[in-house]
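**Student:**
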Amino acid sequence: MKRKRWKDYSADRRKGSREQNKRALTDEVRQQIVAVCTSDRFRDTMDDVVPSSTRATTPRYGAASDDSLAVFTVAERCKKCYSCVRTCPTKAIQVRGGQAEIIPSECISCGYCVPMCSQGAKRIRSSVTDVISLLESKRRTSVIVAPSFPAAFPDVEPERIVGSFAACGFDGVYEVAFGADLVSYEYNRQYRRLESEERGFLISSPCPVVVAYVEKICPELTPYLAPVVSPMEAMAKVIRKRLTAPGTPQPAIVFVGPCVAKKDEARRLGLVDQVLTYDEAHELFAARGVDPADAPPREFDPPRANLGRIYPVAGGLLKAAGVNSDLLESPVSVEEGSGRVTDLLQELASSVRDGRPVPTRLFDLLFCEGCIGGPALSNDLTFYERKKNIVSYIKRGPVINSIAQWAEQHAEYLDLDMTKTFTPLVRDEQPVPEEEIRVILAQTGKLQPEDELNCRACGYESCRDKAVAVYRGIAEVEMCLPYLISRLEGAIEDLKESQGRLIQAEKLASMGQMAAGIAHELNNPLGIVLMYSHLLMTQIEEERAAGSLEDVERIVREAERARAIVQGILNFARENRLELRDTDINALIREAARAVALLDPAGRIQVELKLDEQIAAQRIDPSQLRQVLDNLVKNAAEAMSERGMITIETSRDDGELRISVADTGPGIPEKMLPHLFTPFHTTKGVGKGTGLGLAVCYGIIKMHGGSIRASNRPGGGACFDISLPYGGPSGGDPVT
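In short: position in the sequence shown from 1, add 208, done, that's the working numbering.
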């Protein structure tokens with residue numbers, strides 16, 4: 209997999225000029241910002257409060273109350289994007305309550321999560337204020353600058369950068385590269401010992417992120433870390449030896465470099481008082497009123513460095529230590545970049561656990577792409593331009609290629625102890641039971657291996673890795689993006705159904721009001737027509753006028769039909785009150801089924817009952833529910849012109865009583881399904897139906913707190929499914 213460079217990850221943020229980022233806002237604008245930031249509409253109103261031309265880039269540094277880590281979380285800025293989880297090489301992020309927090313015991317302080325967080329929720333602890341306090345105190349304070357500084361200040365001559373630190377008030381400005389020379393001398397000695405023993409291997413230890421990864425993630429490799437101090441430690445020892453006289457206090461030492469993890473390293477060791485990244489160095493210059501472009505040029509204070517200046521470039525340690533880095537001639541390996549380094553360390557750990565031999569004797573590892581490609585070195589230069597600046601700076605001064613000759617010139621510092629030991633983190637992690645993983649995966653719908661998409665949207669390499677994290681309590685089930693999408697789709701479908709039911713209810717309500725008025729007006733003249741028609745029939749019968757009698761009977765028949773329609777409208781519009789009582793639903797269905805014999809005296813229609821006898825008595829309105837059943841059974845019987853079967857089934861499912869009435873008739877035209885419960889829509893022929901029966905059924909079921917749906921069966925015929933709250937409507941009291 210091709211990994212992005214840090215230049216690609218944060219190019220957009222780095223393009224803003226430093227002058228724009230440092231621009232101070234007026235008090236009035238600051239007050240407006242505070243007011244807006246406390247509201248939920250911050251993003252929408254930000255452009256109205258602070259013009260985009262004066263807005264600084266996402267903050268990456270800050271002060272925090274917790275002093276344990278170089279990187280910390282601003283909880284209120286976390287927006288659940290999980291970018292930090294995806295970026296973190298050790299997955300040292302715990303998501304709790306939707307907030308991504310850093311796990312101190314697993315964080316290696318690489319700082320990769322900081323530029324990846326567009327909201328500024330992950331920040332690097334700022335030491336600028338502490339350094340200014342040191343400079344303003346009476347304590348002698350020296351600064352030691354990492355050899356990668358020419359890549360961090362590309363527009364200013366290196367000598368002016370040295371002069372800028374002196375102008376800030378430091379008593380001495382030293383280069384860490386001299387410490388790297390001392391470390392290289394020790395590596396030369398360690399490598400010669402390895403060659404003589406002809407077994408074992410060493411992992412370079414100048415990179416604090418590599419050391420932290422080994423100690424915390426691959427503790428079995430801890431014995432293989434080169435027992436050598438880092439260049440920062442070595443230079444701190446040189447400063448203390450050079451500047452500390454008997455009876456005088458220890459000098460304060462400030463390290464300036466590209467590495468976030470140096471802050472944690474300095475805190476643990478106690479040799480360095482404060483650590484600044486290059487970004488913080490810019491802030492320090494601004495706070496002290498120093499413009500590097502105008503600072504008087506000067507050289508570093510002695511002792512001066514040699515090949516230690518090449519340390520920021522991958523393979524620089526081997527060059528400075530006099531170790532041949534040709535793969536065809538020497539058993540060494542040079543690796544840089546988080547992906548390649550972590551893969552290599554995992555492979556070495558596996559070899560150590562399995563007892564497999566490792567042919568390589570020395571691994572020179574840098575977690576970033578050299579010390580010139582990390583997250584705390586921010587400028588527009590490409591990796592190759594930064595590397596060119598380092599090499600160009602080295603070539604400007606005299607270089608001693610013989611490490612023995614260099615040692616003769618600096619013998620006074622060779623008595624300093626350049627060795628150290630490392631301590632692995634004891635991890636007591638038990639294997640996660642497979643059944644627990646399956647349960648967690650099932651919560652997000654992953655029942656089979658093919659359901660595991662391994663999309664990495666959650667930040668983990670696989671669905672199983674994420675399930676393990678959930679089991680450990682550092683991840684949440686809801687972090688699964690496909691799961692959330694499926695839930696969202698389900699919610700949208702439910703919303704569509706609810707919207708359809710709401711529209712249906714609104715239409716029924718409005719039509720009910722209108723129909724009630726019309727029916728009331730029609731009912732009176734119909735009553736008069738019927739009354740006089742019956743009187744006329746009596747007179748005609750007496751006169752034996754058979755021909756006229758047939759016409760009058762037709763008038764009476766149609767008037768009776770009109771009155772039935774009006775009565776149906778009134779029943780539909782009237783606010784009926786449910787009379788709830790405990791009812792044997794299966795017995796009610798059996799009564800409705802026996803009514804089929806009255807509808808079909810010829811016996812061409814059969815009724816099949818599939819009733820769940822375990823269903824308890826339900827608190828319903830039996831007369832109204834019987835009306836629903838009679839209507840559905842009657843419709844089913846009328847839909848089958850030939851022989852057929854009506855199937856009525858009851859069941860209990862997830863707190864609901866289910867009743868289905870299905871037939872083997874021709875089914876319902878698809879275009880009629882959406883309008884089936886709308887008044888006056890009917891599939892029957894002219895004069896055979898009012899179109900109000902299903903609308904009345906719909907209203908009765910809704911009053912019971914249930915739902916009714918119609919569909920066509922795959923094998924032919926229609927099916928009506930009724931769902932009612934099991935036990936009866938909520939509360940069990942009569943409802944309107």
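For each residue, glycine too, the CB sits at the ideal point set by N, CA and C.
Pop quiz: Phe928 and Ser868 are said to be a contact at Cβ under 8 Å. What is the actual Cβ separation, rounded to whole angstroms?
**Tutor:** Sure, about 7 Å apart at Cβ, within 8 Å.
**Student:** Roughly how many angstroms separate the alpha carbons of Val417 and Ala300, rounded to a whole number?
**Tutor:** Each residue's Cα considered, the two are about 13 Å apart.
**Student:** Cutting at 8 Å between CB atoms, please list the residues of its own chain near Lys879, excluding the five before and the five after it.
**Tutor:** Result list for Lys879: empty, nothing under 8 Å.
**Student:** Could you check the C-alpha separation between Arg476 and Val419 for me, to the nearest Å?
**Tutor:** Each residue's alpha carbon lies about 13 Å from the other.
**Student:** Checking 8 Å against the spacing of the C-beta atoms, do Pro632 and Pro427 come in under that value?
**Tutor:** A contact, by the Cβ cut-off of 8 Å.
**Student:** Comparing alpha-carbon positions, which option in Glu577, Phe575, Leu574 and Leu556 lies nearest Thr568?
**Tutor:** Cα-wise, what sits closest to Thr568 is Leu556.
**Student:** Tell me, please, which residues DSSP counts as bridged to Ser541.
**Tutor:** Ser541 pairs with Phe571.
**Student:** Taking buried to mean at least 16 other C-beta atoms within 10 Å of its own C-beta, is Lys595 buried or exposed?
**Tutor:** Buried, by the Cβ-count rule.
**Student:** Could you give the C-beta distance for Lys505 and Arg368, rounded to a whole number, given that I count them as a contact under 8 Å?
**Tutor:** The question names Lys, but residue 505 in the sequence shown is Pro. That pair is a contact at about 5 Å.
**Student:** According to DSSP, is Ala474 helix, strand or coil?
**Tutor:** It is helical.
**Student:** Tell me the rounded alpha-carbon separation between Glu577 and Glu643.
**Tutor:** Their backbone Cα atoms lie some 41 Å apart in a straight line.
**Student:** Exposed or buried, which one is His490 when buried takes at least 16 other CB atoms within 10 Å?
**Tutor:** By the 10 Å Cβ count, His490 comes out buried.
**Student:** Taking C-alpha atoms, which residue in Thr281, Ala870 and Pro323 lies nearest to Pro583?
**Tutor:** Among Thr281, Ala870 and Pro323, the Cα nearest to that of Pro583 is on Pro323.
**Student:** Measure the alpha-carbon distance for Met670 versus Leu553 and round it to whole angstroms.
**Tutor:** Correcting the residue identity first, residue 670 is Ser in this sequence and not Met. Each residue's Cα considered, the two are about 20 Å apart.
**Student:** Nearest CA to the CA of Val560: which residue from Ala767, Val422 and Arg333?
**Tutor:** Ranking Ala767, Val422 and Arg333 by Cα distance to Val560 puts Val422 first.
**Student:** Tell me Leu696's beta-bridge partners as DSSP assigns them.
**Tutor:** Answer by DSSP bridge pairing: none, since Leu696 is not bridged.
**Student:** By alpha-carbon positions, which one of Lys628, Ala619 and Val676 ends up nearest to Arg646?
**Tutor:** Among Lys628, Ala619 and Val676, the Cα nearest to that of Arg646 is on Val676.
**Student:** To the nearest angstrom, how far is it from the Cα of Gln638 to the Cα of Lys424?
**Tutor:** So the two alpha carbons sit approximately 16 Å from each other.
**Student:** How close, in whole Å, do the beta carbons of Leu277 and Asp472 come, if the pair is a contact with beta carbons under 8 Å?
**Tutor:** That pair is a contact at about 7 Å.
**Student:** Taking its Cβ as the centre, do 16 or more other Cβ atoms sit within 10 Å of Asp829, making it buried, or is it exposed?
**Tutor:** Asp829 is buried by the Cβ-count criterion.
**Student:** Have a look at Glu799 and Glu846 and give me their C-alpha separation to the nearest angstrom.
**Tutor:** Going from the Cα of Glu799 to the Cα of Glu846 covers about 18 Å.
**Student:** Measuring alpha carbon to alpha carbon, tell me which residue in Leu525, Asn514, Val370 and Cys321 is nearest Leu411.
**Tutor:** Correcting the residue identity first, residue 411 is Ile in this sequence and not Leu. The candidate whose alpha carbon is nearest that of Ile411 is Leu525.
**Student:** Pairing CB atoms from the segment 676–687 with CB atoms from the segment 298–318, are three or more of them under 8 Å?
**Tutor:** Result yes; three or more Cβ-Cβ pairs closer than 8 Å.
**Student:** Is the Cβ-Cβ distance between Ala801 and Asp838 less than 8 Å?
**Tutor:** Contact flag unset, no.
**Student:** Mind checking Ala359: buried by the 16 CB within 10 Å criterion, or exposed?
**Tutor:** By the 10 Å Cβ count, Ala359 comes out buried.
**Student:** Between Ala529 and the rest of its own chain, which residues show a CB-CB distance below 6 Å, the 5 nearest in sequence each way excluded?
**Tutor:** Cβ within range, chain order: Ser392, Tyr395 and Asn396.
**Student:** Can you name the start and end residues of the alpha helix (DSSP H) that Ile598 belongs to?
**Tutor:** Here the alpha helix (DSSP H) through Ile598 covers Phe591 to Lys603.
**Student:** What residues match up with Asp588 in a beta bridge as DSSP calls it?
**Tutor:** According to DSSP, which records beta bridges pairwise, Asp588 is partnered with nothing at all.
**Student:** Count the other C-beta atoms from every protein chain shown that fall within 10 angstroms of the C-beta of Leu550, then say buried if there are 16 or more, exposed otherwise.
**Tutor:** In the sequence as presented, Leu is not what sits at residue 550; that position holds Thr. Thr550 should be labelled buried.
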